[in-house]
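Asker: Numbering (this note's numbering), first residue to last: 8 to 48.
C-beta: ideal position from N, C-alpha, C; glycine also.
Supplied in structure tokens, the structure appears directly below.
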């Protein structure tokens, strides 16, 4: 499986992590939440 993200999508995820002040762990958490639905299809 290959995932491709637009630059805007990556910026949005980074902004969410910065807003939560969580750093790299926050990035993983945000991506997992976004991709959970796709992971179980």
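Helix, strand or coil, according to DSSP, for residue 48 in the structure here?
Answerer: DSSP places residue 48 in coil when its eight states are reduced to three.
Asker: Going by C-alpha distance, which of 10, 42, 48 and 37 is nearest residue 19?
Answerer: Looking at the Cα atoms, 37 is the closest of the given residues.
Asker: Under the three-state reduction of DSSP, which class applies to residue 40: helix, strand or coil?
Answerer: Three-state DSSP puts residue 40 in a helix.
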